[in-house]
Amino acid sequence: MNKWGIALEKLTVGYNGEPLVKGLSLFMDEGEFWVVVGPNGAGKSTFVKTILGIVPPLEGKVFIHGIDCTYHVACEEKRYLSYVPQMESYSKIFPATALDVVLSGIFPQKGKLKPVTDMERERALKWLESLELLRFKDVSFKYLSGGQQRKILIARALISSPHYLFLDEPTTGVDIKSARKILKIVNSLHKKDRFGICMVTHDLNSVWPFAEKVLILGNGKYLAGKKEKIIKEDILSEIYGVKVKIIKTPAGPVFLTGDKHY
Ligand SMILES: Nc1ncnc2c1ncn2[C@@H]1O[C@H](COP(=O)(O)OP(=O)(O)OP(=O)(O)O)[C@@H](O)[C@H]1O
Ligand SMILES: [Mg+2]
Numbered sequence: 031m032n033k034w035g036i037a038l039e040k041l042t043v044g045y046n047g048e049p050l051v052k053g054l055s056l057f058m059d060e061g062e063f064w065v066v067v068g069p070n071g072a073g074k075s076t077f078v079k080t081i082l083g084i085v086p087p088l089e090g091k092v093f094i095h096g097i098d099c100t101y102h103v104a105c106e107e108k109r110y111l112s113y114v115p116q117m118e119s120y121s122k123i124f125p126a127t128a129l130d131v132v133l134s135g136i137f138p139q140k141g142k143l144k145p146v147t148d149m150e151r152e153r154a155l156k157w158l159e160s161l162e163l164l165r166f167k168d169v170s171f172k173y174l175s176g177g178q179q180r181k182i183l184i185a186r187a188l189i190s191s192p193h194y195l196f197l198d199e200p201t202t203g204v205d206i207k208s209a210r211k212i213l214k215i216v217n218s219l220h221k222k223d224r225f226g227i228c229m230v231t232h233d234l235n236s237v238w239p240f241a242e243k244v245l246i247l248g249n250g251k252y253l254a255g256k257k258e259k260i261i262k263e264d265i266l267s268e269i270y271g272v273k274v275k276i277i278k279t280p281a282g283p284v285f286l287t288g289d290k291h292y
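Residue numbering for the sequence shown is 31 to 292, as defined by the numbering used here.
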């Protein structure tokens, strides 16, 4: 067993004994950029929540840095994992300032009752600054735009100094410019700070240049590996149930969907 990285062993994810994805085995190495794709309801969010220990697996194991964290809610190694949930799953009327929201990212590690230290506040301000959000620090979270809220939640995930950042559709519902900005930030965290990234997305075109490995979920099955090897027209068409065409361009492949392109 590799000492570092996240190893999934014959993992079956789902609810109430009903599997969404069966027997998934893969290894996410330190510092890799993974992208998770698949149709609505395929189990992408559930997959991420299972690794994070939010949802228990139906079968199989999750090892973090070689430690079996499958059923240990308090598994020490989980502090290396951080999470930006899908937009729908957090309250957008949260009655707290942007800075408070960022600082709330340290509570899972240190416990809610301990006061925030000056060093933690400095760290929060540093992340706000590097995400160009410092001017919003005292603004109520609910008054920020969708894109700004996403970036605040990324800062919130970063304050615990994780090794791996799990992002569930961080650009869905965000305008093109803000989406590019978020992807640039995530890519810089990966390249400069060597964060491992696991991003769920429906926008393969935007994420493709940054991704290294891809996990495709659909119809209860999975495919995982280097992006060029597994992303194929026939595989995507089958999993999404619509024709997918991949156009090769000098800037990389472009994914088109729907019959009108044929
Ligand atoms: N807590 C739960 N209990 C029972 N079923 C659930 C629960 N949460 C989600 N589901 C169901 O599990 C299936 C997969 O949900 P999931 O959110 O993982 O899909 P997804 O691939 O992330 O989809 P999307 O692209 O729409 O975000 C869906 O049919 C959903 O209704
Ligand atoms: Mg989802």
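Beta carbons: idealized from backbone N, C-alpha and C, even for Gly. Since the structure is predicted, the reported quantities are computational estimates derived from the model, not experimental observations.
Determine the extent of the beta strand (DSSP E) in which Thr80 is found, giving its start and end residues.
Counting along the chain, Thr80 falls outside any beta strand (DSSP E), though it belongs to the alpha helix (DSSP H) covering Lys74 to Leu82.
Coarse secondary structure for Trp64, derived from DSSP in three states: strand
Check your understanding: Is Cys228 near Leu266, with beta carbons less than 9 Å apart?
Key -> no
**Report entry** Nearest candidate by alpha-carbon position, reference Val284, set Ala72, Gly135, Lys243 and Asn235
**Finding:** Asn235
Q.
Mapping the DSSP letters down to three states, classify Ile261 as helix, strand or coil.
A. coil
Notebook entry, point to check: Under the three-state reduction of DSSP, which class applies to Glu162: helix, strand or coil?
Noted result: coil
Residues in its own chain within less than 6 Å of Asp59 by CB, not counting five upstream and five downstream? Gly35
6 Å Cβ shell around Val315 - same chain, five flanking residues per side excluded: Residue 315 is absent from the structure shown; the chain starts at 31 and stops at 292.
- Task: Taking all protein chains shown into account, decide if Ala126 is buried (16 or more other Cβ within 10 angstroms of its Cβ) or exposed.
- Result: exposed
| task | Please indicate yes or no: does the CB of Phe77 lie closer than 8 Å to some heavy atom of ligand 1? | result | yes
Practice prompt. Taking 9 Å as the cut-off, decide whether the C-beta atoms of Phe93 and Glu39 are in contact.
Written response: yes
Item checked: Strand pairing of Asp198, partner residues [DSSP] -> Val230
In chain order, which continuous runs of the alpha helix (DSSP H) of length 4 or greater are located wholly inside the region 125 to 161?
128 to 133, 137 to 140 and 148 to 160
Review point. Terminal residues of the continuous alpha helix (DSSP H) containing Ala187?
Key: Gly176 to Leu188
Checking the sheet assignment: what are the DSSP bridge partners for Glu89? Thr42
request  = Give the single residue among Gly177, Val216 and Lys262 whose Cα lies nearest to the Cα of Lys205.
outcome  = Checking the displayed sequence, the identity of residue 205 turns out to be Asp instead of Lys. Asp205 has its Cα closest to that of Gly177, out of Gly177, Val216 and Lys262.
Worksheet item: So, is Ile84 buried or exposed, given that buried needs 16 or more other C-beta atoms within 10 angstroms?
Response: exposed
Might you give, ordered along the chain, the residues of its own chain that have their beta carbon closer than 8 Å to the beta carbon of Ile260, omitting 5 neighbours on each side? Val244, Ile246, Leu253 and Ala254
Express the C-alpha separation of Leu41 and Lys91 in angstroms, rounding to a whole number. 6 Å
* **Residues bridged to Tyr113 [DSSP beta-bridge criterion]** => Phe196
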